[in-house]
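A short write-up of the structure that comes next.
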Amino acid sequence: MITVRKRHTGLAATAGVLGGVLAVTVLGGTSSAATSRNDAGNPPKPQARVDQAAAGASDARIRITPGQGAFNVGIEDPVKATVSNGKLTKVTMTAVASGAEIPGTLSADGTSWKPNGRLERATKYQVAAEAEDAKGRSVTGNATITTVSPANNFIGHLSPEDGSTVGVGMPVTVNFDKAINNKAAVESKIQVSSSSGQQVVGHWFNNDRLDFRPKNY
73 MITVRKRHTG LAATAGVLGG VLAVTVLGGT SSAATSRNDA GNPPKPQARV DQAAAGASDA
133 RIRITPGQGA FNVGIEDPVK ATVSNGKLTK VTMTAVASGA EIPGTLSADG TSWKPNGRLE
193 RATKYQVAAE AEDAKGRSVT GNATITTVSP ANNFIGHLSP EDGSTVGVGM PVTVNFDKAI
253 NNKAAVESKI QVSSSSGQQV VGHWFNNDRL DFRPKNY
């Protein structure tokens with residue numbers, strides 16, 4: 073509902089939209105809410121826009137990870153919404169095709185949110201977040217992400233097995249069930265450490281085997 077003050081009479085006119093029809097009830101005076109202009113002859117600015125300009129932009133900054141338009145997102149990759157200089161007030165994550173909402177948990181301090189479980193494969197999700205800064209000024213953030221399809225899944229078989237005793241020259245080997253195209257991306261997700269602090273490096277054999285050995289024998 074919009075309330076417009078009359079410059080000459082001090083009485084008010086109220087306007088509301090009912091069933092798609094603009095209904096105007098004039099309590100006094102002769103000016104029209106739809107055609108009234110200010111002293112300079114310019115149309116008045118909408119009150120919501122004036123209030124927003126007076127309040128200023130929110131200091132809160134929302135970040136959605138992995139980010140707008142991300143493809144081939146792993147079903148167990150960290151998907152989350154975070155905010156700086158404020159607190160999250162609402163976060164929803166929905167599957168675009170079905171409209172199903174994904175349950176999630178907001179942190180105790182209100183600065184982060186994440187889904188409760190792993191996501192489905194080959195699914196597009198919409199994440200919408202709302203936050204407020206210390207002055208109550210709101211901001212929104214949105215992102216659409218798509219998880220990896222089954223065609224891009226692969227399995228790595230690790231040897232030696234956990235708890236095995238082997239010689240000093242035995243590498244840590246990962247054999248994949250299909251050829252790997254983006255070797256650098258796959259290798260960056262595998263971490264091998266040593267108790268002695270020796271630097272470990274990877275070496276590829278063809279496109280389906282990755283060995284890790286000490287940099288210096």
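Letter by letter, the sequence shown follows residues 73 to 289 in the numbering used here. Positions of the beta carbon are idealized from the N, C-alpha and C atoms, including for glycine.
DSSP three-state assignment for residue i, whether helix, strand or coil
i, result
"Lys250", "coil"
"Asp283", "strand"
"Asn188", "coil"
"Ala223", "helix"
"Gly171", "coil"
"Thr177", "strand"
"Arg193", "coil"
"Phe143", "coil"
"Ser265", "coil"
"Val151", "coil"
"Asp123", "Per-residue confidence for Asp123 stands at a pLDDT of 44, beneath the threshold of 50, marking its modelled position as unreliable; no derived number is given."
"Val98", "Unreliable positioning characterises Val98 in this predicted model, as indicated by a pLDDT of 31, which lies under 50. A coordinate reading is not provided."
"Met165", "strand"
"Thr245", "strand"
Counted within 10 angstroms of its Cβ, other Cβ atoms place residue i as buried (16 or more) or exposed
i, result
"Gly235", "exposed"
"Tyr197", "buried"
"Gly158", "buried"
"Gly139", "exposed"
"Met242", "exposed"
"Ile217", "buried"
"Ile262", "exposed"
Endpoints, the beta strand (DSSP E) within which residue i is located
i, result
"Glu259", "Counting along the chain, Glu259 falls outside any beta strand (DSSP E), though it belongs to the alpha helix (DSSP H) covering 255-260."
"Ser40", "No answer is possible for residue 40: the residues shown for the chain start at 73 and end at 289."
"Gly128", "Where Gly128 is concerned, there is no enclosing beta strand (DSSP E), given that its DSSP letter is neither H nor E."
"Val238", "Run containing Val238: none; DSSP gives neither H nor E here."
"Lys207", "Premise fails: Lys207 is in no beta strand (DSSP E) and is neither H nor E."
"Thr137", "133-137"
"Gly228", "228-231"
Whether residue i touches residue j by CB criterion (8 Å)
i, j, result
"Ile136", "Val211", "no"
"Lys186", "Val151", "yes"
"Asn247", "His229", "yes"
"Asp283", "Thr245", "yes"
"Ala201", "Val163", "yes"
"Phe226", "Asp249", "yes"
Identity of the residue in the options nearest residue i by Cα
i, options, result
"Ala194", "Val145, Gln263, Ser268, Tyr289", "Val145"
"Ser221", "Leu191, Ala172, Arg285, Gly128", "Leu191"
"Ala206", "Asp280, Pro187, Gly182, Thr218", "Gly182"
"Asp149", "Ser179, Leu230, Gly208, Thr219", "Thr219"
"Gly128", "His275, Arg281, Glu204, Lys255", "Glu204"
"Val272", "Asn279, Tyr289, Ser170, Ala256", "Tyr289"
"Thr161", "Ser265, Ser184, Gly171", "Ser184"
"Ile147", "Asn188, Thr164, Asn278", "Asn188"
"Ala22", "Gly176, Ile174, Ile252", "The question about residue 22 has no answer, for the chain in this structure spans 73 to 289."
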